[in-house]
Each structure stands twice: as C-alpha cells, then as structure tokens.
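Here the structure comes first, spelled out in structure tokens, and everything after it is commentary.
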Amino acid sequence: FTYRGEKGDDVQSWLIYPAGFTQTEGLSESTPTDPLQKHPLVVIYHGGPQGSSADDWHYRWNLQYFASMGFAVLAPNFHGSTGFGHEFCRDITGNWEIGGRDTIHGVRAVLTEHSWIDPRRVVGLGGSYGGYTSNWLNGNAPEGMFQALVCHCGTFGMRSSYYATDELFFKETECGGAPHTDQHRTSPTSQWNKVSPSNNVHQWKTPTLVIHGAKDYRLVESEGISTFTALQRRGVPSEFLYLPTENHHCLNPQNSMVWHETILRWIRKWTTPGEETDIDPPRTD
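In structure tokens, the structure reads:
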C-alpha cells in the first residue's frame, strides 16, 4: 500500500488483511454502517529508526499474528526506512518527527481508500523508535485518531535517554551533537529540544500500554517508568508490563507469550465495542 508522505513523495507500507477477510468486502464500493461489519486496524511502526517492516517472518512484531486475531494491519516504511535508497534513509536524521508524521499520513490514506476499516478502532504499536513514535503520537496525532497505543522500550525524554544509553554515538549523530553543547543547549530548533515526546505530556490522552525490560541498556527502564508515571499523573488509562530478565527486546519464549497475550488483551479492550470502561478526562494538574 503506497501513499503520499510528509514530504509529498511515495511511502511504501504493508497492508495485511484480517483473517477471514473476503474479496467481496475489499471490492465493495458501499460503506458498511454497522461497526461490527468493519475491521479494527493495528498500525505497527518499526524501530531503528533506520530499519524496515519487510516481507518476512519473525516472532517479534509479526504482522500476520495480529491479522490472525482479526485486525487489519498497516506497517508503514516511513522516511528513515532502509531499502529505499540512501537519501530516503537519511531523511530522518535530524528530523525524528517525520516517522510519526508519515504514519499519520498513512492512517489517513488507508482509511480513505478502504471503507471496510473502522476509523473508530485504530491502535498504534511500536518498540524502540516505534516506542518513541507511540509517545510522540500521543501528544501530536489528531485527537481521536488512535484509540490506544503500545510503547515497548520507547523514549520518553530525548535528553534523559541520551545520558543513560549505551549508544552515545548514535544519538549524537542523529541530533547533530551532544545536548549540552552550545548549539543545542537552548536552541528551540535543536532535536534535543524540539522532538522529545516529554514536551507534550500535557496533551497526552490516549490509553497506553507501556512495556520495558530491566536489562535494556539502549533505552533504560527509567524511560518506561517515566512514560507510565506521566500517563498516570495525567489520569490516562495505562498499564505497565515490566520484564525483569529482558533487554531491549523480548527474547525468552515464555516471556514472549506473556508479551503477546498482554498486548492482544490491551488492544482488544479498546477496539471491541462495549469492552472499554468509562474513564475520567485527563488531569490538568
């Protein structure tokens, strides 16, 4: 599925049909009026950010797994993805917001083109840079676009994550230097100051499942704890799955089962009519 991204050029993505989907549904020009005749959408944005969602199989972030559970799946290869040329890949360096903006364009495009997808039942999932994207979308996506989010080992604060990471060179390359240097310390256009998800906590409203491993040295556990704390202080429905033996990924097969079951329960809660509970509006204090 190809659409126009933030820069006006083509962005390739994968659109996986849900289990049981028929050609009749896809070819129909009429728009179903019954929500139960439409399908919920899972949007999976990859990590890296210099990575890609490819035509392959893996037991982490497996697109077919979510499709087999009855979800349509959109996996955008936003600017910064590998496999589309060096310039396209480097577009995200110094512009980390473009992944989220491309994702928003992709959701709009797929909802416009495919009337069998329910715009009221869209959820966003991602790990690492994808976790960053979940947190960024929470404060920047059009209100109501996502009914729920999942942030796995994601960034809460650009500065806080830098001083604790095992990958200093990467953050300095992506942001054009260290955050304490003269050019970045106070500049409003610096990536350290401009694109941090923590900047917009006051606008967070979307229910979020936070997942983090205790042995994650790429984005240490305090980033997940900070994300969860911010959600709780805002009064946003949220849960925290803490994995004491996992690192930046969820590798143990038994932990992976818990990971999948927890995510599935969470996204079903917010995409099944009548399942979500009444919630109070987010706090302003």
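If you're matching positions, the sequence shown starts at 1 in our numbering and goes up one per residue. Note that CB positions come from ideal geometry on N, CA and C, so glycine has one too. Bear in mind that the values here come from a model prediction, so they are computed numbers and not experimental data.
| query | result |
| --- | --- |
| Residues sharing a beta bridge with glutamate 239, DSSP | Leu209 |
| Separation of tyrosine 217 from tyrosine 246, as counted between CA atoms | Checking the displayed sequence, the identity of residue 246 turns out to be glutamate instead of tyrosine. Distance between the alpha carbons of glutamate 246 and tyrosine 217 is about 10 Å. |
| Three-state secondary structure assigned by DSSP to valine 107 | helix |
| Cβ pair glycine 139, glutamine 191 closer than 7 Å | no |
| Which of helix, strand or coil DSSP assigns to serine 219 | The question names serine, but residue 219 in the sequence shown is leucine. It is coil, neither helix nor strand. |
| Sufficient close CB pairs (3 or more, under 8 Å) joining the region 152 to 171 to the region 123 to 139 | yes |
| Alpha-carbon to alpha-carbon, tryptophan 116 and glutamate 29 | Bear in mind that the predicted position of glutamate 29 carries a pLDDT of just 48, short of 50, making it unreliable; the figure below should be weighed with that in mind. Their Cα atoms are separated by approximately 10 Å. |
| Separation of leucine 41 from serine 238, as counted between CA atoms | 20 Å |
| Residues of its chain near isoleucine 98, where Cβ-Cβ distance is below 6 Å and the 5 sequence neighbours each way are ignored | Glu6, His79 and Ile92 |
| Cut-off 6 Å between Cβ atoms - residues of its own chain near serine 241, not counting five sequence neighbours on either side | Note that residue 241 corresponds to leucine in the displayed sequence, not to serine. Counting only Cβ-Cβ distances below 6 Å, and skipping sequence neighbours, we find Ile211 and Thr262. |
| Residue nearest to serine 81 in terms of C-alpha spacing, selected from Val73, Arg108, Tyr45 and Arg60 | Tyr45 |
| According to DSSP, residues forming a beta bridge with cysteine 151 | Gly126 and Val210 |
| Beta-carbon spacing of proline 76, threonine 103 below 7 Å | yes |
| Separation of tryptophan 259 from valine 43, as counted between CA atoms | 17 Å |
| Helix, strand or coil at isoleucine 225 according to DSSP, with G and I counted as helix | helix |
| Aspartate 10: first and last residue of the uninterrupted alpha helix (DSSP H) it sits in | No alpha helix (DSSP H) holds aspartate 10; the beta strand (DSSP E) holding it covers 10 to 16. |
| Straight-line Cα distance separating arginine 185 from cysteine 250 | 35 Å |
| Whole-number beta carbon distance between alanine 72 and alanine 19, since they are thought to touch under 8 Å | The pair is not a contact, with the Cβ atoms about 10 Å apart (cut-off 8 Å). |
| Nearest candidate by alpha-carbon position, reference histidine 248, set Thr227, Cys89 and Glu223 | Glu223 |
| Chain-order list of residues whose beta-carbon lies under 7 Å from that of phenylalanine 228 (same chain, five-residue window excluded) | Val210, Ser238 and Phe240 |
| Rounded straight-line distance, which links the Cα of glycine 94 to that of proline 179 | 13 Å |
| For histidine 86, the three-state DSSP class (helix, strand or coil) | helix |
| Contact under 7 Å by Cβ, tyrosine 3 with glycine 106 | yes |
| Rounded Cβ spacing between valine 123 and alanine 148 (contact assumed at less than 8 Å) | 5 Å |
| Pair within 7 Å by beta-carbon distance, threonine 208 and leucine 243 | no |
| Length of the line joining the Cα atoms of glutamate 174 and leucine 63 | 28 Å |
| Alpha-carbon to alpha-carbon, alanine 54 and leucine 15 | 12 Å |
| Chain-order list of residues whose beta-carbon lies under 6 Å from that of methionine 158 (same chain, five-residue window excluded) | Trp192 and Ser196 |
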